[in-house]
Each structure stands twice: as structure tokens, then as C-alpha cells.
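Novice: Take -5 as the starting number for the sequence shown in the working numbering and just add one per residue.
Positions of the beta carbon are idealized from the N, C-alpha and C atoms, including for glycine.
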Amino acid sequence: MINCPECGEKISDKALSCPKCGNPMKPIPINVFWRGYEWKTKTQILGLPLIHIAIGRDKQTGKLLTAKGIIAIGQFGIGLITIAQFGVGLLFGLGQFVAGFISISQFALAYYFGLGQFATGITAIGQFAYGVYVRAQLGFGEHVWSSQIQDPEAIEYFSRIMSSLFGAK
-5 MINCPECGEK ISDKALSCPK CGNPMKPIPI NVFWRGYEWK TKTQILGLPL
45 IHIAIGRDKQ TGKLLTAKGI IAIGQFGIGL ITIAQFGVGL LFGLGQFVAG
95 FISISQFALA YYFGLGQFAT GITAIGQFAY GVYVRAQLGF GEHVWSSQIQ
145 DPEAIEYFSR IMSSLFGAK
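Structure, rendered in C-alpha cells:
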């Protein structure tokens, strides 16, 4: 056991960093799992970078990086527009597990429009979906169009969307 030089906490002499304050105790081993990449624009809006890209781990501390910006891109991201494995896109999110106003992801937790394997939203399209207007293999909501349920209002709603997007019924 040794004492952390930053906060004085007793920690293992094998620890990479202090669990209390995060102070690095040893240089982070250089291997592919510790490498990370981070870039952000100098332009800021409301104290956030216009674009922030953060992937992998911080080279100094070994902590996972989180992209935070108007446009956030990374494994973890928070922004108005987010492209991330796990993230929150206040306006739009694209990724594996993303929450937002509009979300396109495997797990799409959306307020207005969700598209994904598991989707929620006022309009939800997915294999499993929950919302007001739902198009799904297995859906729950007010107006559902699924293999089991064919609500006429849901069919009309999604037919209008398809014709406005592709010009056909």
C-alpha cells in the first residue's frame, strides 16, 4: 500500500490511478485498448464546441472519453446532434443506444420520432415499438400497425408518410 501524493488516500501500489481523486500513479500502458482520439473546434456556442469528437480513452488518465458539443461524435456523446454508441442527442441522435427528440438507433428512445430495433416516440417504427403511432412487428400504443393489429388510423398515417417521402402509396 502507498499514499496518493495528491490526496493522501491509501491505495494499492499496483493501482494505475487513485480511486478517490483520479490522480495517475503510473504512466498508462501504451496498447491499443488505451489509445484514444479527441478533437474539438475552437468555435464555441454557449460554452460548447461546435464539433467535438472523442473516441477511446484519455491518454493521460485512461478514462473513457465523452464527446460534449453542439455536434458530438464518439463512443459516448451528449449534444444537440449526437452520433455515438451511447448518447443523448437533444435534437437528433444516431447510434446504438441514443435518446433524443428524434432518434435513429438500435435502442431509439425518442420523444417525437424513433426508428430502431427497439423504438419509442410519438411516431415509433421498429421491431418492438411503443408510441402514439406505431409501425412494428410487435407494437404497443394508441394507433398500431403490426402483424397482429391493423388500426386504420395508423395505416393512413404511415401511408401518408410513405407517399410524402417516396411519392407513392
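Could you give the DSSP three-state label for serine 99: helix, strand or coil?
Specialist: Note: serine 99 maps to strand in three-state DSSP.
Novice: Quick one: is tyrosine 127 buried, meaning 16 or more other Cβ sit within 10 Å of its Cβ, or exposed?
Specialist: Its Cβ being crowded by 16 or more others within 10 Å, tyrosine 127 is buried.
Novice: Can you tell me whether arginine 129 is helix, strand or coil according to DSSP?
Specialist: In the structure shown, arginine 129 sits in a strand (DSSP, three-state: E or B).
Novice: Assign threonine 117 to one of two classes, buried (16 or more other C-beta atoms within 10 Å of its C-beta) or exposed (fewer than that).
Specialist: The residue is buried, with at least 16 neighbouring Cβ atoms inside 10 Å.
Novice: Straight-line CA distance for isoleucine -4 to leucine 59?
Specialist: So the two alpha carbons sit approximately 28 Å from each other.
Novice: State the start and end residues of the unbroken alpha helix (DSSP H) segment that holds glutamate 150.
Specialist: Note, glutamate 150: alpha helix (DSSP H), 146 to 160.
Novice: What are the residues that DSSP puts in a beta bridge with glutamate 32?
Specialist: Note: glutamate 32 sits in a beta bridge opposite Ala48.
Novice: Verify whether the separation of the beta carbon atoms of alanine 78 and glycine 89 is less than 9 Å.
Specialist: Yes; because the gap between Cβ atoms is below 9 Å, this pair is in contact.
Novice: Helix or strand or just coil, what does DSSP make of threonine 60?
Specialist: Note: threonine 60 maps to coil in three-state DSSP.
Novice: Out of Ser11, Trp139, Val82, state which residue places its alpha-carbon closest to the alpha-carbon of glycine 56.
Specialist: The shortest Cα separation from glycine 56 among Ser11, Trp139, Val82 belongs to Ser11.
Novice: Spatial neighbours of phenylalanine 122 within its chain, please: C-beta separation below 8 Å, excluding the five flanking residues on both sides.
Specialist: The residues are Gln111, Phe112, Ala113, Ala130, Gln131, Leu132, Gly133.
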